[in-house]
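Working notes, structure below.
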Amino acid sequence: MAILELDPTDVSTWPYWMTLKQVEMALQVSRPVLVAMLSGEDPILPSTIINRHKSGKRVHRRVKRDDVLNLSPSVVESPDEFDIDSDSDEE
Numbered sequence: 181m182a183i184l185e186l187d188p189t190d191v192s193t194w195p196y197w198m199t200l201k202q203v204e205m206a207l208q209v210s211r212p213v214l215v216a217m218l219s220g221e222d223p224i225l226p227s228t229i230i231n232r233h234k235s236g237k238r239v240h241r242r243v244k245r246d247d248v249l250n251l252s253p254s255v256v257e258s259p260d261e262f263d264i265d266s267d268s269d270e271e
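Be aware that the sequence shown starts at 181, since it is given in my numbering, and climbs by one per residue.
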């Protein structure tokens, strides 16, 4: 499946092992945000190293679709929640 075929709103298009680019598309976040989620002693989003370049400068990671699904409701907020021009009865 090509990366361009991934639909952020249709989980059936997500592969089991997702590349970082696919995770960015699914969660609709930028690369620096994704790197922060993957970093640290206890990362927000677990990943698996599948290949490490001999120089140690390049690491290929994959993220399980289930881990992205577990995280996505708390990360991806509804755009309506942030609409400051919405007609709301709450004041």
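Backbone N, C-alpha and C define an ideal beta-carbon position, used for all residues, glycine too. Computed from a predicted model, the values in this text were never measured in an experiment.
Over the uninterrupted alpha helix (DSSP H) stretch that includes residue i, give me the two end residues.
i       : result
Arg-211 : 211-218
With distances taken Cα to Cα, identify the nearest neighbour of residue i among the options.
i       : options                               : result
Asp-187 : Tyr-196, Thr-199, Met-205 and Met-198 : Met-205
Arg-211 : Leu-249, Asp-222 and Thr-199          : Thr-199
Arg-232 : Pro-226, Met-217 and Arg-241          : Arg-241
With 16 other CB atoms within 10 Å as the buried threshold, where does residue i fall?
i       : result
Trp-194 : buried
Leu-207 : buried
Ser-192 : exposed
Tyr-196 : exposed
Val-256 : The pLDDT assigned to Val-256 is 46, lower than 50, so where the model puts this residue is not dependable, and the model offers no usable value.
Val-243 : buried
Val-203 : buried
Ser-235 : exposed
What residue does the beta strand (DSSP E) around residue i start on, and which one ends it?
i       : result
Lys-244 : 239-244
Ile-229 : 228-232
Compute the beta-carbon to beta-carbon distance between residue i and residue j, rounded to the nearest angstrom, for a pair I have assumed lies under 8 Å.
i       : j       : result
Ile-224 : Leu-251 : 7 Å
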